[in-house]
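So the structure is just underneath, and the comments pick up after that.
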Amino acid sequence: DAGITQSPRYKITETGRQVTLMCHQTWSHSYMFWYRQDLGHGLRLIYYSAAADITDKGEVPDGYVVSRSKTENFPLTLESATRSQTSVYFCASSRQGGTEAFFGQGTRLTVV
Amino acid sequence: EDQVTQSPEALRLQEGESSSLNCSYTVSGLRGLFWYRQDPGKGPEFLFTLYSAGEEKEKERLKATLTKKESFLHITAPKPEDSATYLCAVVRYNQGGKLIFGQGTELSVKP
Numbered sequence: 726d727a728g729i730t731q732s733p734r735y736k737i738t739e740t741g742r743q744v745t746l747m748c749h750q751t752w753s754h755s756y757m758f759w760y761r762q763d764l765g766h767g768l769r770l771i772y773y774s775a776a777a778d779i780t781d782k783g784e785v786p787d788g789y790v791v792s793r794s795k796t797e798n799f800p801l802t803l804e805s806a807t808r809s810q811t812s813v814y815f816c817a818s819s820r821q822g823g824t825e826a827f828f829g830q831g832t833r834l835t836v837v
Numbered sequence: 045e046d047q048v049t050q051s052p053e054a055l056r057l058q059e060g061e062s063s064s065l066n067c068s069y070t071v072s073g074l075r076g077l078f079w080y081r082q083d084p085g086k087g088p089e090f091l092f093t094l095y096s097a098g099e100e101k102e103k104e105r106l107k108a109t110l111t112k113k114e115s116f117l118h119i120t121a122p123k124p125e126d127s128a129t130y131l132c133a134v135v136r137y138n139q140g141g142k143l144i145f146g147q148g149t150e151l152s153v154k155p
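Protein sequences, first through last, are from chains A and B. All residue numbers for the first sequence refer to our numbering, where the first residue is 726 and numbers rise by one. All residue numbers for the second sequence refer to our numbering, where the first residue is 45 and numbers rise by one.
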């Protein structure tokens with residue numbers, strides 16, 4: 726199906742483990758984004774990418790790593806998960822900077 | 045500092061009772077303002093893009109408007125299925141398309 730998909734939908738991991746959240750889009754959008762959503766903080770940008778092999782930090786990048794070797798994929802890695810990274814993570818893409826972004830269904834991550 | 049503020053935080057309406065949600069922003073070099081709808085357990089769903097003061101967009105019972113300092117989402121004769129959290133976001137020029145979100149307005153429409 727066309728669109729933007731995230732996997733897994735739900736993940737429970739232990740403190741200190743490495744976790745990778747996947748994001749795939751079929752629109753060939755240039756821009757991709759990772760947000761986290763927490764009660765009291767709303768949606769906050771973690772990292773974004775303007776094109777393959779171009780990434781930049783957002784508002785809350787510490788503890789996260791991204792890569793974008795192909796236009797359609799934008800994985801987010803938590804190198805050593807902490808409880809404060811328990812959140813709902815959303816991936817999004819947009820055709821170009823400044824146009825509407827379309828979001829995936831989210832990954833609910835719990836770090837125990 | 046860029047800031048997006050939505051009000052009210054929560055709004056309870058009776059079916060058919062029209063109202064408006066507000067999004068005020070303090071942004072240097074606004075490129076665009078976006079409205080999204082988010083249902084529990086789902087990702088934000090795009091509704092509207094507004095680029096210029098005076099611009100209006102409509103979709104079914106929703107109408108979005110934009111001024112130089114704020115945007116309104118007008119809901120006419122709402123139905124229970126309009127219950128959701130409505131998010132406002134802005135993007136600046138030369139900022140890589142990064143959306144700055146408000147905290148959202150949680151709308152509940154009772155039959």
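Glycine included, each C-beta is placed from N, C-alpha and C at the ideal position.
Interface residues of chain B facing residue i [CB-CB closer than 8 Å]
i                     : result
residue 756 (chain A) : 140 and 141
residue 773 (chain A) : 140, 141 and 142
residue 819 (chain A) : 141
According to DSSP, residues forming a beta bridge with residue i
i                     : result
residue 872 (chain A) : Outside the displayed range of chain A (726 to 837) lies residue 872 (chain A), so it cannot be described from this structure.
residue 70 (chain B)  : B:47
residue 144 (chain B) : B:134
residue 91 (chain B)  : Note: residue 91 (chain B) sits in no beta bridge, so no partner.
residue 836 (chain A) : A:738
residue 826 (chain A) : A:819
residue 108 (chain B) : B:101 and B:117
residue 152 (chain B) : B:56
Where residue i sits in the DSSP three-state scheme
i                     : result
residue 125 (chain B) : helix
residue 139 (chain B) : coil
residue 809 (chain A) : helix
residue 83 (chain B)  : coil
residue 118 (chain B) : strand
residue 102 (chain B) : strand
residue 57 (chain B)  : strand
residue 777 (chain A) : coil
residue 763 (chain A) : strand
residue 75 (chain B)  : strand
residue 769 (chain A) : strand
residue 62 (chain B)  : coil
residue 792 (chain A) : coil
residue 785 (chain A) : coil
residue 804 (chain A) : coil
Alpha-carbon spacing of residue i relative to residue j, whole angstroms
i                     : j                     : result
residue 50 (chain B)  : residue 142 (chain B) : 18 Å
residue 79 (chain B)  : residue 133 (chain B) : 6 Å
residue 798 (chain A) : residue 135 (chain B) : 23 Å
residue 69 (chain B)  : residue 117 (chain B) : 14 Å
residue 112 (chain B) : residue 791 (chain A) : 36 Å
residue 59 (chain B)  : residue 98 (chain B)  : 29 Å
residue 822 (chain A) : residue 139 (chain B) : 8 Å
residue 104 (chain B) : residue 742 (chain A) : 47 Å
residue 738 (chain A) : residue 110 (chain B) : 43 Å
residue 67 (chain B)  : residue 728 (chain A) : 28 Å
residue 744 (chain A) : residue 63 (chain B)  : 44 Å
residue 40 (chain B)  : residue 740 (chain A) : Because chain B is modelled from 45 through 155, residue 40 (chain B) falls outside the range shown and cannot be assessed.
residue 829 (chain A) : residue 85 (chain B)  : 11 Å
residue 106 (chain B) : residue 89 (chain B)  : 14 Å
residue 154 (chain B) : residue 130 (chain B) : 17 Å
residue 834 (chain A) : residue 782 (chain A) : 21 Å
Contact list for residue i against chain A, beta-carbon separation under 8 Å
i                    : result
residue 13 (chain B) : This structure leaves residue 13 (chain B) out entirely; chain B is present only between 45 and 155.
Proximal chain A residues relative to residue i, where beta-carbon distance stays under 7 Å
i                     : result
residue 147 (chain B) : 767
residue 90 (chain B)  : 825 and 827
Under 9 Å by beta carbon: chain B residues contacting residue i
i                     : result
residue 792 (chain A) : In chain order: nothing, as chain B lies at least about 17 Å away.
residue 831 (chain A) : 85, 86 and 87
Closer than 7 Å at the beta carbon, the chain B residues around residue i
i                     : result
residue 728 (chain A) : Within 7 Å Cβ-Cβ: nothing; residue 728 (chain A) doesn't reach chain B, min ~11 Å.
residue 812 (chain A) : Result: empty, since nearest Cβ-Cβ is about 14 Å, beyond 7 Å.
residue 799 (chain A) : Going along chain B, no residue has its Cβ under 7 Å from residue 799 (chain A), so there is no contact; the nearest lies around 13 Å.
residue 834 (chain A) : The premise fails here: residue 834 (chain A) is roughly 14 Å from chain B at the closest Cβ pair, so nothing lies under 7 Å.
Chain-ordered chain A contacts of residue i [CB-CB under 9 Å]
i                    : result
residue 52 (chain B) : Those within 9 Å of residue 52 (chain B) in chain A number zero; the least Cβ separation is about 15 Å.
Would you list, in chain order, the members of the segment 73-86 of chain B that have their beta-carbon closer than 9 Å to a beta-carbon of chain A? Under the 9 Å Cβ criterion, the segment 73-86 of chain B contributes 75, 76, 78, 80, 82, 85 and 86.
Please list, in chain order, the residues of the segment 777-789 of chain A that have any C-beta partner in chain B closer than 9 Å. 781, 783 and 784
Using a Cβ-Cβ cut-off of less than 8 Å, give me the residues of the segment 93-105 of chain B that come near chain A, in sequence order. Within the segment 93-105 of chain B, the qualifying residues are 93.
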